[in-house]
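**Q** In the numbering used here, the protein residues as written are 107 to 579. C-beta atoms are modelled at their ideal positions from N, C-alpha and C, and glycine is treated no differently. Below you'll find the structure I mean.
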Ligand code: AHR
């Protein structure tokens with residue numbers, strides 16, 4: 107449904123908009139819905155891999171992750187996602203001077219279990235040689251209600267089904283049952299690690315035999331190493347989704363996805379479905395390599411957020427495991443028409459991108475399909491754009507897959523995608539749109555004109571035309 111309107115009968119069409127009209131005009135940088143929340147910038151936190159970020163009921167975002175030295179467990183918190191970047195980081199616990207927890211400390215996760223803060227982590231002995239990879243899962247526990255100020259001490263070792271390499275544990279409550287999910291090498295299966303799940307009796311003890319959920323066998327799971335690790339869970343649209351990481355920790359690292367009906371028996375491996383293809387992989391267009399070891403959270407508006415690590419270069423000197431540049435990154439997590447997560451691609455360094463949806467035609471989005479601009483149901487990555495500040499209250503609109511291009515307005519009312527240009531025609535004022543909750547991109551070069559859709563085309567139109575109202579999502 108499209109409204110080729112002039113200013114005169116804008117009010118008529120606007121009355122058809124599903125939302126009340128407000129006087130357009132105030133300039134906003136960033137999403138109009140949350141002008142007071144600072145925008146996160148990727149990488150969110152440098153040199154923190156395997157990040158867990160969650161929003162606790164106390165209103166704080168907590169974040170932990172592996173440090174490059176693998177010698178300590180750290181925790182930071184912030185009232186906003188963006189605030190995690192520079193938040194004070196506390197060291198909760200250092201590895202021991204000798205013994206089974208004196209070497210690497212990997213992939214910590216913080217959980218509130220039976221009213222106590224417990225941090226799980228994988229650890230190995232020091233001393234060099236292969237023994238340092240005698241990795242097992244342990245936990246430390248806080249002696250008070252505030253994990254940032256309490257005292258931490260060793261709770262003990264996770265009682266795993268086998269005395270073998272195990273790591274990357276997570277815990278979640280589903281339908282009143284607390285589960286433990288982790289990666290482990292199982293005797294008799296020639297892989298580095300598989301994924302397992304079991305209900306918990308207490309913080310370190312399972313209450314039933316483990317169910318094996320997946321073994322890395324697909325080509326994208328066994329590149330460099332045969333790995334299924336780093337399970338993370340999100341429940342949405344009637345299903346429980348478990349993402350996991352696969353292959354070596356270089357640019358081949360990627361995410362796979364398991365899913366199950368939320369009322370099905372999580373302990374029945376046959377009830378789970380496995381994506382045959384990876385759902386999140388290296389993206390050269392956005393310069394993010396080896397994205398993985400993710401967690402899920404929500405932003406300040408309650409929208410789903412994917413947290414993961416990735417490098418912004420491909421070639422690694424030496425062992426990737428000891429390369430420090432797996433930075434923590436975040437981005438929106440969208441869901442497709444079938445209710446399944448659409449991970450898209452890692453969006454790259456810089457402000458988080460958005461999608462722009464015509465307020466009067468919500469089945470399509472502004473899109474850059476190669477060098478062609480469109481308003482269509484193109485793939486998620488083709489519909490993600492950054493509003494990049496261009497000075498004097500203006501922005502450039504830059505597609506994430508062509509970060510060296512931007513939209514430019516033409517005197518004939520056309521809009522095209524061109525190599526980054528500082529001309530006036532490439533600058534737009536991001537303003538509150540002509541309908542509540544919408545934004546408008548007023549042309550800086552052509553007064554009274556704004557970015558609009560006309561069918562599947564992107565054009566300039568009268569700044570009061572209903573077609574200039576875009577929902578930023
Ligand atoms: O980052 C250290 C380990 O390497 C993590 O536990 C694992 O997920 C990754 O492959």
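Which class does residue 231 belong to by DSSP, given the choice of helix, strand or coil?
**A** Taking the first residue of the chain shown as position 1, residue 231 is located at position 125. Correct three-state label for residue 231: coil.
**Q** Sorted by chain position, which residues of the same chain lie with C-beta nearer than 6 Å to residue 196's C-beta, five sequence neighbours on each side aside?
**A** Position 90 of the chain shown, counted from the first residue, corresponds to residue 196. Only 181, 254 meet the Cβ criterion.
**Q** Give the single residue among 226, 291, 146 whose Cα lies nearest to the Cα of residue 189.
**A** The residue given as residue 189 occupies position 83 in the chain shown. Of the candidates 226, 291, 146, the one whose C-alpha sits nearest the C-alpha of residue 189 is 146.
**Q** How many Å lie between residue 316 and residue 367 at the Cα?
**A** For the purposes of this step, residue 316 is taken as the residue at position 210 of the chain shown. For the purposes of this step, residue 367 is taken as the residue at position 261 of the chain shown. Residue 316 and residue 367: Cα-Cα distance of roughly 19 Å.
**Q** Following the continuous beta strand (DSSP E) through residue 342, name the residue where it begins and the one where it ends.
**A** For the purposes of this step, residue 342 is taken as the residue at position 236 of the chain shown. Residues 334-342.
**Q** Suppose you measure from the CA of residue 264 to the CA of residue 404; what does that come to, to the nearest Å?
**A** In the chain shown, the residue the question calls residue 264 occupies position 158. In the chain shown, the residue the question calls residue 404 occupies position 298. Approximately 29 Å between the Cα atoms of the pair.
**Q** Does the Cβ of residue 130 have 16 or more other Cβ atoms within 10 Å, making it buried, or fewer, making it exposed?
**A** Sequence index remark: in the chain shown, residue 130 carries index 24 (1-based). Reliability of the predicted coordinates at residue 130 is poor, the pLDDT of 47 falling under 50, and the value obtained from them is presented with this limitation in mind. Looking at its Cβ environment, which holds 16 or more other Cβ atoms inside 10 Å, residue 130 is buried.
**Q** Cα separation between residue 531 and residue 329?
**A** As a working mapping, residue 531 is identified with position 425 in the chain shown. As a working mapping, residue 329 is identified with position 223 in the chain shown. One C-alpha to the other measures close to 46 Å.
**Q** For residue 428, which of helix, strand or coil comes out of DSSP?
**A** Taking the chain shown and counting its residues from 1, the one referred to as residue 428 is at position 322. It is helical.
**Q** Which partner residues of residue 222 appear in the DSSP bridge assignment?
**A** Taking the first residue of the chain shown as 1, we reach residue 222 at position 116. 219, per the DSSP bridge assignment.
**Q** Kindly confirm or deny that the segment 365-381 and the segment 391-400 touch, where touching means at least three C-beta pairs closer than 8 Å.
**A** Flag = no, the segment 365-381 and the segment 391-400 do not touch.
**Q** Report the three-state DSSP secondary structure of residue 486 (helix, strand or coil).
**A** The residue labelled residue 486 in the question sits at position 380 within the chain shown. In the structure shown, residue 486 sits in a helix (DSSP, three-state: H, G or I).
**Q** Is the number of C-beta pairs between the segment 418-429 and the segment 340-357 that are closer than 8 Å three or more?
**A** Touching, per the Cβ criterion.
**Q** Count the CB pairs spanning the segment 428-438 and the segment 327-347 that are closer than 8 Å, and state whether there are at least three.
**A** At 8 Å Cβ cutoff, the stretches do not touch.
**Q** Leaving aside the five residues before and after residue 476 along the sequence, list all residues of the same chain whose C-beta is less than 6 Å from its C-beta, in chain order.
**A** In the chain shown, residue 476 corresponds to position 370, counting from 1. Correct list: empty, nothing qualifies.
**Q** Can you have a look at residue 203 and say buried or exposed, based on whether 16 or more other CB atoms are within 10 angstroms of its CB?
**A** As a position in the chain shown, residue 203 is number 97, starting the count at 1. Exposed, because fewer than 16 other Cβ atoms sit within 10 Å of the Cβ of residue 203.
**Q** Using only CA atoms, which one of 497, 303, 387 lies nearest to residue 279?
**A** The residue given as residue 279 occupies position 173 in the chain shown. The option with the nearest alpha carbon to residue 279 is 303.
**Q** Verify whether the separation of the beta carbon atoms of residue 490 and residue 459 is less than 9 Å.
**A** One-based indexing of the chain shown puts residue 490 at position 384. One-based indexing of the chain shown puts residue 459 at position 353. In contact: residue 490 and residue 459 (Cβ atoms closer than 9 Å).
**Q** Give the secondary structure of residue 573 by DSSP, where H, G and I count as helix, E and B as strand, and everything else as coil.
**A** As a working note, residue 573 is residue 467 in the chain shown. Residue 573: helix per DSSP, three-state reduction.
**Q** State yes or no: is the C-beta of residue 355 nearer than 8 Å to some heavy atom of the ligand AHR?
**A** Numbered from its first residue, the chain shown carries residue 355 at position 249. It does: the Cβ of residue 355 is within 8 Å (strictly closer) of some heavy atom of the ligand AHR.
**Q** Residues in the same chain with beta-carbon distance under 6 Å from residue 387, minus the five sequence neighbours each way, listed in chain order, please.
**A** On the chain shown, position 281 is the one that residue 387 refers to. Cβ within range, chain order: 360.
**Q** Tell me which same chain residues have a C-beta within less than 7 Å of the C-beta of residue 113, skipping the five on either side of it?
**A** As a first step, residue 113 must be located in the chain shown, where it is residue number 7. The pLDDT assigned to residue 113 is 39, lower than 50, so where the model puts this residue is not dependable; a value taken from the coordinates is nonetheless given after this. Closer than 7 Å at the Cβ level, and outside the excluded window around residue 113, lie 568, 570.
**Q** List the DSSP bridge partners of residue 169.
**A** Locating residue 169 in the chain shown gives position 63, counting from the first residue. Partner(s): 159, 182.
**Q** Quick one: what's got a C-beta closer than 8 Å to residue 566's C-beta in the same chain, skipping five residues either side?
**A** One-based indexing of the chain shown puts residue 566 at position 460. Answer for residue 566: 515, 516, 519, 520, 521, 549, 552, 555, 556, 557, 558, listed in chain order.
**Q** Tell me whether residue 93 sits in a helix, a strand or coil according to DSSP, three-state version.
**A** As shown, the chain starts at 107 and ends at 579. That puts residue 93 outside it, with no answer to give.
**Q** Less than 8 Å between the CB atoms is what I'm expecting for residue 495 and residue 504, so what's the real figure, rounded?
**A** On the chain shown, position 389 is the one that residue 495 refers to. On the chain shown, position 398 is the one that residue 504 refers to. That pair is no contact at about 11 Å.
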